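S.K.:
Protein chains in written order, with the numbering used here: chain C, 1 to 335; chain Z, 1001 to 1452; chain P, 2001 to 2313.
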């Protein structure tokens, strides 16, 4: 990939939680890169490490969580080597984040305006208080809040769930960050509101030229908004590729399973939904072989022993599964 | 196919290091093989888990151990020392910790030459229960009794006001109500301690007054032990009263709901807004005489048991029963309301379970953690209230002692004998502190949701 | 808001009325008469009873109490210098002011010291200062007021002689030190513990994560975002604190010989001085009730979610 076009490069990132019961490898070596103006989806079930991975980019990882290996490079700068103050300046300014539950993510005792203005003022951008307020109103209008002049002095509890998420987005974008990390931003919302928020994010992404990492377990949302998708399972990426490849030509059994268990409206969907049997593995005692092995209906002997390497299965489309080797037993051909 | 291995993601496995794979490797894995890969946590029961969490909490475990020591001190301690909380030893007044009266010093000087008895100073003219076979030594007006054996037969020693005159040992049963007695048996009496001790060949050592003695010559350690016992009993009983009344009231209110709940909660609110200490003080004064009258006239065993405790303590219990259950009632009601909304209770109701069954099977086990915690934390607050009342002179009355009344007694002579406050004060603080810490530990262990 | 306050004031009056009834019933349940002394004859007692209206039926007496209280008349003492008016004793001889001053200073101290200590502990969670403060506050809530008061007295007044033994009517700043510290120590520790817990609770909330994601400085995170939210449970506690400080004042006033209302109340109960018991109970209860009302309004200021029209349970 062209160096100039790379905004964020994550290499072999490892994050562990050191709990009294032992080390939990929440993220176990994941790599990807993200270009300017690109929207990438990270899909996986709860506990697959997708939020942890995002938190480590923005430095929100809290004890007992710790980055144990790998690197994160943002516009050529090594994020992991930032001092605390550099990290603070980095957060909210160049990368910002919105979260799952808009009901609890805004401080209940301050007005929306206060919290928006704060986001702007803590990054020394030379705004006066009045200018910051004007900018906050502008942002609220941008995210589609009517009567922003009046709304800005209201408290979060006077906003509906969808409105709060809009305010969260306004707050995240107020410093014009290069990257927005959206951690399940629509999960806690009603379906109709979900669609509105997605539309809004799509429109804003085009308008503001912001890259987005969109974390979700909802494949429908991914199809809606993303250019590229990474599928995570038990702390690893199992498949990564352009959104259409993932949806129409999934290669990894887990991705296939996910798709089979998701209702689809765009197809003549008379086929039954097939759940993925079993539960995710215990990250305290990860198996030696492929993490998905115990739940995989095509599990083979090799899967129990060894973790599979990535295989390029299409243009920019990779998948990690021993099944790709089955056609040609023997050493993977490189010639 | 060129570049089959992805190069864009440097990954954990170097493709070159992949071992040669055989057809065998691609054979489907069996279900049992798949299952053996997965190691799941064992699930353990709520109480086992709670105990495990409590045990891993060092502070709470230490607190529990210290509290158990306090219990030993209060309940076993009195039987290990030869002094009682009420007995007054005239020769041993106002002793500092580990100080001895003259007579005690005399006996101590004999240490080593004999072994196997302890001495107690007796007051001339007093009536003291002793056992047959005891020996007595006279020392400048004070008479010391030596216990050789445990009580064989309970007897009473009559001492004349002048200790030189003969002493007579009387069977307790022979003692007339008017104070006259039938001579029973003259007792062994020696003029000098040395002679007595030599005859006995049984000197151990005089038990020290570890905490000293008070102005009436009572051993402060014995009184502190007794006071600790009284305070702990008051705390536990008051907490149980609060638990019973509060949880019944709260459960009825929460389960009934509607108008009943509304009225019951308004009552709770009213009681809540009454400054209870004012009423408590008033109650203490009001209840004293009627209670005393009840003790004196009622033939029931219950009244008798209560009169042993004394009017002060019983009115503390009544106060708790009247005023202090409201917090417990609120907590229980809150729990019940919360649990009523839970799906499993709805499910049980839908399946036609009776309300009694729902209470027993679902509400109670889920409330029990909260109840244990609140009750445990109620004990120190009851101990506090009792000590406060005793300090103001309203709780237990002499010769009974509680930690509060001991502190109050000490206050009169605080500038001369500060240690009289320090010992009961420290014990009181330690008991309350350990109970608080155990309560906190229980909360963390029983209600992990509350743990931060 | 106004409607709510009116409603609360009505409820407060009802509570006071209830307290008057309870107090009256309890007072009259005490056997013995205020006029019973060694010299008194039955006729003398009867005459005195008639003079003060104690021979009338109980409900008439109660009604008279309520009537005169509504007119602002707290009655006359039966014991103190034949017919001294109770309101004079309570208010003009400075008893109420003394107790109120002690109480208010103790409350202020508890808040001003307790909250910052709690913040410091929470901010330095797990460090030695947190450990130290936790030990101190945990021990602090286990030391009874009278033990602390006496130890202070012995140490600073008797042994070191830095401070006066008898605080009396609190003539100078020095005489305030020990009474106020002993009165507020328990509550300072409790407030610090409470602040620490609720601060840690607040720090784990989602909105703190949001603020961190915005790039808010750590200090602003604690002082602006966490503190105000964590104050809510602390404010709830201040109502009971006021009631507790009145309790504590009984002990402190007797230890330091301050002629305040608390000491006076205990005396009047023991003397069966009915009008004084009634007046003191009503005045102190009113203080607690007003304090609770203030706390509820303070809520509104700190937490905009509470609208004061409905009461949460």
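By construction, the Cβ of each residue, glycine as well, lies at the ideal position given by its N, Cα and C atoms. Keep in mind the model is a prediction, meaning the values are calculated, not measured.
#1: In this structure, what does DSSP give as the bridge partners for residue 14/C?
#2: Rank 2060/P, 2210/P, 2104/P, 2069/P by C-alpha distance to the C-alpha of residue 91/C and give the top, closest one.
#3: Under a three-way DSSP split, which group does residue 277/C fall into?
#4: Please state whether the Cβ-Cβ distance between residue 1253/Z and residue 1260/Z is less than 8 Å.
#5: If you follow the alpha helix (DSSP H) that residue 236/C is part of, which residue opens it and which one closes it?
#6: How many whole angstroms separate the CB atoms of residue 1212/Z and residue 1419/Z, which I take to be in contact at a CB cut-off of 8 Å?
#7: Have a look at residue 1387/Z and residue 1403/Z and give me their C-alpha separation to the nearest angstrom.
#8: Tell me whether the beta-carbon of residue 301/C lies closer than 8 Å to the beta-carbon of residue 290/C.
#9: Interface residues of chain Z around residue 232/C at Cβ under 9 Å?
#10: Provide the residue span of the alpha helix (DSSP H) that contains residue 94/C, from first to last.
#11: 8 Å is my cut-off, CB to CB: does residue 1347/Z come that close to chain C?
#12: With 9 Å as the C-beta to C-beta threshold (strictly closer), list the residues of the region 1310-1338 of chain Z near chain P in chain order.
#13: Along chain C, in chain order, which residues have C-beta atoms closer than 7 Å to that of residue 1027/Z?
#14: Along chain C, in chain order, which residues have C-beta atoms closer than 8 Å to that of residue 2207/P?
#15: Counting C-beta neighbours from all protein chains within 10 Å, is the total for residue 2225/P 16 or more, i.e. buried, or is it exposed?
#16: Can you list, in chain order, the residues of the region 1071-1083 of chain Z whose Cβ is nearer than 7 Å to any Cβ on chain P?
#17: Looking at chain P, which residues of the region 117-128 of chain C have a Cβ within less than 7 Å of any of its Cβ atoms?
#18: Cβ of residue 169/C less than 8 Å from any chain P Cβ?
#19: Given a threshold of 16 other Cβ atoms within 10 Å of its Cβ, counted over all protein chains shown, does residue 2276/P qualify as buried or as exposed?
#20: Please list, in chain order, all residues of the same chain as residue 1325/Z whose beta carbon is under 8 Å from its beta carbon, the five residues on each side excluded.
#21: Below 8 Å between beta carbons: does that hold for residue 2112/P and residue 2120/P?
#22: Would you say residue 49/C and residue 232/C are within 8 Å of each other, going by their C-beta atoms?
#23: What's the call for residue 107/C, buried or exposed, on a 16-neighbour Cβ count within 10 Å?
#24: Please report the residue range of the beta strand (DSSP E) in which residue 233/C lies.
#25: Does the beta-carbon of residue 314/C have 16 or more other beta-carbons within 10 angstroms, so that it is buried, or is it exposed?
#26: Compare the Cα-Cα distances from residue 70/C to each of 299/C, 324/C, 230/C, 12/C and report the closest residue.
#27: Considering residue 39/C, what are the terminal residues of the beta strand (DSSP E) in which it resides?
#28: Could you check whether residue 165/C and residue 111/C sit closer than 8 Å to each other, using their CB atoms as the reference points?
#29: Could you name the residues of the same chain whose beta carbon sits closer than 8 Å to that of residue 177/C, not counting the 5 residues immediately before and after it, in chain order?
#30: Kindly give me the distance between the Cβ atoms of residue 1405/Z and residue 1395/Z, rounded to whole angstroms, as I take these residues to be in contact under 8 Å.
#31: Strictly by DSSP, which residues pair up with residue 215/C?
#32: Quick one, which residues of the region 2288-2306 of chain P are near chain C if we go by CB-CB under 8 Å, in chain order?
#33: Taking contact to mean at least 3 C-beta pairs separated by less than 8 Å, is the region 190-206 of chain C in contact with the region 75-82 of chain C?
#34: Measuring only between beta-carbons, confirm whether residue 2234/P sits less than 8 Å from chain C.
#35: Assuming residue 2103/P contacts residue 2245/P under a Cβ cut-off of 8 Å, what Cβ separation, rounded to an integer in Å, is found between them?
#36: Report yes if the CB atom of residue 2090/P is closer than 8 Å to the CB atom of residue 2287/P, and no otherwise.
M.R.: Walking through what the data contain:
#1: For residue 14/C, which the question treats as bridged, DSSP gives the partners 28/C, 69/C.
#2: Residue 2210/P is the option with its Cα nearest to residue 91/C.
#3: For residue 277/C, the three-state secondary structure derived from DSSP is coil.
#4: Going by beta carbons, residue 1253/Z and residue 1260/Z fall inside the 8 Å limit.
#5: That residue, residue 236/C, is in no alpha helix (DSSP H); its beta strand (DSSP E) goes 236-242.
#6: Yes, residue 1212/Z and residue 1419/Z are in contact; Cβ-Cβ is about 6 Å, under 8 Å.
#7: In this model, residue 1387/Z and residue 1403/Z are separated by some 6 Å (Cα to Cα).
#8: Cβ atoms of residue 301/C and residue 290/C: not closer than 8 Å.
#9: Residues of chain Z passing the Cβ test: none, with the nearest at roughly 13 Å.
#10: No alpha helix (DSSP H) contains residue 94/C, which DSSP labels as neither H nor E.
#11: No, no contact with chain C.
#12: Going along the region 1310-1338 of chain Z in chain order, one finds 1330, 1333, 1334, 1337 with a Cβ nearer than 9 Å to chain P.
#13: Within chain C, the residues near residue 1027/Z are 300, 301.
#14: By Cβ distance, chain C contributes 104, 105, 106, 107, 108.
#15: Label assigned to residue 2225/P: buried.
#16: Within the region 1071-1083 of chain Z, no residue has a Cβ that lies closer than 7 Å to any Cβ of chain P.
#17: Of all residues in the region 117-128 of chain C, those with a C-beta nearer than 7 Å to a C-beta of chain P are 118, 119, 122, 123, reading in chain order.
#18: It does not: the Cβ of residue 169/C has no partner Cβ on chain P nearer than 8 Å.
#19: Classified as buried, residue 2276/P has 16 or more neighbouring CB atoms from the shown chains inside 10 Å of its CB.
#20: Excluding positions up to five away in sequence, the list reads 1241, 1242, 1245, 1246, 1249.
#21: No, the Cβ-Cβ distance between residue 2112/P and residue 2120/P is not below 8 Å.
#22: Yes, Cβ-Cβ distance for residue 49/C and residue 232/C is below 8 Å.
#23: Under a 10 Å Cβ-count criterion, residue 107/C is classified as buried, with 16 or more other Cβ atoms of the shown protein chains found around its own Cβ.
#24: First-last of the beta strand (DSSP E) with residue 233/C: 228-233.
#25: It is exposed - the Cβ of residue 314/C has fewer than 16 other Cβ atoms within 10 Å.
#26: Taking only the C-alpha atoms, the option nearest residue 70/C is 12/C.
#27: Under the DSSP assignment, residue 39/C falls in the beta strand (DSSP E) whose first and last residues are 39-43.
#28: Against a cut-off of 8 Å, the Cβ pair of residue 165/C and residue 111/C comes out as no contact.
#29: Counting only Cβ-Cβ distances below 8 Å, and skipping sequence neighbours, we find 92, 93, 94, 95, 96, 210.
#30: The pair is a contact, with the Cβ atoms about 6 Å apart (cut-off 8 Å).
#31: Here residue 215/C is bridged, per DSSP, to 42/C, 183/C.
#32: Those would be 2302, 2303, 2304, 2305, in chain order.
#33: No, they do not touch.
#34: No, residue 2234/P does not count as interfacial toward chain C.
#35: Correct: roughly 5 Å between the Cβ atoms.
#36: Contact: no.
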